[in-house]
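Working notes, structure below.
Numbering (the numbering used here), first residue to last: 1 to 597.
The following block contains the structure:
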């Protein structure tokens with residue numbers, strides 16, 4: 001991924017260029033490898049590059065062969081090879097970038113190209129073959145990448161885009177988070193949704209609501225997730241996996257470890273063939289031969305990374321998972337004080353005052369710095385599973401399958417405001433790219449069309465068990481799908497596969513959240529807290545921790561920035577605490593205190 005800043009509909013691009021470059025410099029942490037800028041008739045596109053695919057030739061903005069279409073992209077297009085071969089008209093590619101295929105797709109499909117892309121992306125494409133110049137902008141279906149759009153009241157004809165809010169604060173007095181799965185067209189000033197999956201209306205209440213009835217196909221679920229991980233290993237630089245020791249990250253690590261081993265074996269075989277060819281000459285090439293392993297740069301073993309307070313639940317579980325999987329494991333600890341010291345920087349990079357996002361992002365931010373220092377540019381991560389399968393512990397209070405499914409759909413639709421935002425900005429603060437296989441389009445199509453009855457769970461005295469003695473706990477069908485040994489080796493040890501859900505901010509060490517709360521209580525006076533509604537009539541903090549975080553946010557960003565923030569709060573109408581910590585759900589403790597069955 002990278003960073004982009006675009007201005008369109010401006011009168012004098014040459015004069016504006018230095019100012020836009022200065023704004024782009026604010027997000028250079030996203031793309032430390034190279035900077036590029038294009039000035040057009042009414043448009044400027046600036047790009048900060050993190051090189052992962054097409055390292056030698058993929059500098060941006062990308063320009064078409066006739067020089068009239070210019071493209072700036074933040075993201076990865078996993079199916080770019082297939083898209084290149086599907087083009088109806090021949091196109092002479094100038095780079096090996098996975099993103100360049102967007103240009104000929106636009107020439108053939110116009111803005112309908114967006115639904116053909118399989119990946120995570122935010123892009124702005126400038127077409128100067130028409131008058132006036134046309135811009136289209138789009139964001140990936142779920143919002144894995146970040147994109148903002150802005151305007152200024154004194155410049156009614158201009159529109160601005162950027163990967164991060166901070167790049168627009170000097171240019172705009174109105175800023176929005178660009179909606180995922182949508183495409184903007186300057187020709188008619190419209191923003192329309194291009195992503196129309198079969199499960200999208202599952203959160204509606206009326207007759208339009210679609211509640212699936214398809215039983216869980218565990219084999220299909222497993223194989224589709226394996227495909228999602230496999231395609232995300234597309235990389236020309238060393239990669240790794242974030243490993244918390246929880247179910248989601250451990251499953252991704254397990255699949256990635258298997259795939260990395262296959263790639264290492266394939267590359268070893270390729271080296272043997274080359275040695276043989278050096279002695280006897282190469283064989284005749286066969287039409288259609290594609291060596292996908294040649295596009296992947298891997299260490300002989302997968303490297304995994306974890307962080308937590310000393311002896312935290314996640315560190316202990318991650319250590320066990322890494323040993324079982326045979327990864328080269330890197331474990332880092334931090335202190336509560338180190339976390340507290342980092343919070344202003346975390347909020348600056350995250351651009352949110354949501355409590356749970358800041359809690360979980362702080363250790364991820366610290367870990368990302370360590371990972372980047374090792375020379376790693378890309379990691380796989382486990383975001384999205386809890387929303388897809390109803391894995392948060394408060395889901396046990398869902399009154400019926402329909403309500404359970406509606407909440408899942410709502411949470412997936414809002415991932416861009418919380419977990420995707422955290423995964424993207426916590427890592428990109430240090431020029432590290434996070435890829436999230438659970439949010440693969442094909443996997444979502446399978447997992448979001450499963451009968452919610454198969455996803456529901458209970459705890460404590462109401463706990464049910466299947467015929468194999470496995471508890472029907474949160475994310476049961478996902479656990480069961482990988483409770484097998486297709487090649488003679490289990491995916492995970494049972495103690496990890498059937499480990500209870502921990503919120504990441506809990507799992508890194510319970511005293512981390514307690515430390516944040518205690519610190520906020522010491523720096524926010526009772527008098528100031530009592531007047532919080534006067535200071536913030538909207539999105540009023542309900543705790544001193546929330547006040548502390550909001551106060552820092554306001555010191556970093558102008559008032560307009562607050563309108564882009566969405567707070568993550570569990571369902572109060574299901575009897576859940578407003579505190580997003582998993583420990584605030586009563587069944588968390590019940591799971592540890594209930595007598596063994």
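Cβ coordinates follow ideal geometry from the N, Cα and C atoms, glycine included. Here the structure is a predicted model, which means the values were calculated and not measured.
Sequence-distant residues of its chain with Cβ nearer than 8 angstroms to residue i (five each side left out)
i	result
residue 342	362, 365 and 366
residue 256	229, 233, 241, 302 and 380
residue 347	353, 358, 549, 552, 553 and 556
residue 89	104, 107 and 108
residue 402	209, 211 and 452
residue 83	77, 101, 105, 116 and 117
residue 604	With the chain covering only 1 through 597, there is no way to say anything about residue 604.
Of the residues the options, the one placed nearest residue i, counting alpha carbons only
i	options	result
residue 223	259, 188 and 242	259
residue 46	72, 319 and 58	72
residue 491	226, 472 and 438	226
residue 409	424, 452, 426 and 436	452
residue 559	175, 114 and 315	175
residue 252	232, 236, 473 and 155	232
residue 190	159, 117 and 217	159
residue 447	387, 266 and 516	387
residue 517	340, 65 and 369	340
residue 371	534, 199 and 430	430
residue 309	203, 140, 511 and 28	511
residue 536	562, 572 and 493	562
residue 182	515, 194, 173 and 172	194
residue 442	141, 50 and 123	141
residue 154	166, 173 and 148	173
residue 8	38, 25 and 30	38
residue 119	438, 262 and 188	438
residue 486	110, 218, 249 and 243	218
residue 15	25, 30 and 44	44
residue 489	449, 326 and 206	326
residue 482	220, 513 and 422	220
Identified DSSP bridge partners for residue i
i	result
residue 117	Beta-bridge pairing links residue 117 to no other residue.
residue 138	123 and 183
residue 151	174
residue 214	450
residue 38	45
residue 304	241 and 329
residue 70	63 and 126
residue 193	182
residue 32	49
Close beta carbons around residue i, own chain, < 6 angstroms, minus the five adjacent residues each side
i	result
residue 291	Any reading at residue 291 needs caution, since the residue's pLDDT is 48, under 50, leaving its predicted position unreliable; the model's value is listed next. Closer than 6 angstroms at the Cβ level, and outside the excluded window around residue 291, lies no residue.
residue 146	163 and 424
residue 203	406, 409 and 410
residue 184	137 and 191
residue 36	47, 59, 60 and 61
residue 389	455, 475 and 478
residue 4	47, 72, 74 and 163
residue 376	238 and 240
residue 32	431
residue 213	451
residue 566	417
Distance between beta carbons of residue j and residue i, contact taken as under 8 angstroms
i	j	result
residue 350	residue 426	7 angstroms
residue 419	residue 383	4 angstroms
residue 97	residue 58	3 angstroms
residue 27	residue 436	The Cβ separation is near 21 angstroms, so there is no contact.
residue 520	residue 547	7 angstroms
residue 360	residue 574	Not quite, the Cβ-Cβ distance comes to about 22 angstroms (not below 8 angstroms), so this is no contact.
residue 161	residue 21	Incorrect: roughly 15 angstroms between the Cβ atoms, too far for contact.
residue 493	residue 320	7 angstroms
residue 304	residue 329	5 angstroms
residue 527	residue 50	With 8 angstroms as the limit, residue 527 and residue 50 do not qualify as a contact, their Cβ atoms being about 46 angstroms apart.
Close-in-space but distant-in-sequence residues of the same chain around residue i (CB under 7 angstroms, 5 per side omitted)
i	result
residue 464	458 and 472
residue 170	23
residue 40	13, 70, 126, 128 and 133
residue 499	246, 247 and 317
residue 640	The chain is shown from 1 up to 597; residue 640 falls before or after that span and cannot be answered.
residue 545	355, 516, 517 and 520
residue 576	394, 397, 570 and 585
residue 449	198, 199, 212 and 214
Closer than 7 angstroms: residue i CB and nearest the ligand NAD heavy atom
i	result
residue 329	What this structure holds is no ligand at all, so the ligand NAD is not there to describe.
Starting from the N-terminal side, write out each stretch of the beta strand (DSSP E) that is 3 residues or longer and does not extend beyond the segment 412-471. 433-435
At what residue ranges does the segment 328-382 contain a whole run of the alpha helix (DSSP H), taking only runs of 4 or more? 336-350 and 355-373
Which residue spans inside the segment 486-547 form an unbroken beta strand (DSSP E) run of at least 3? none
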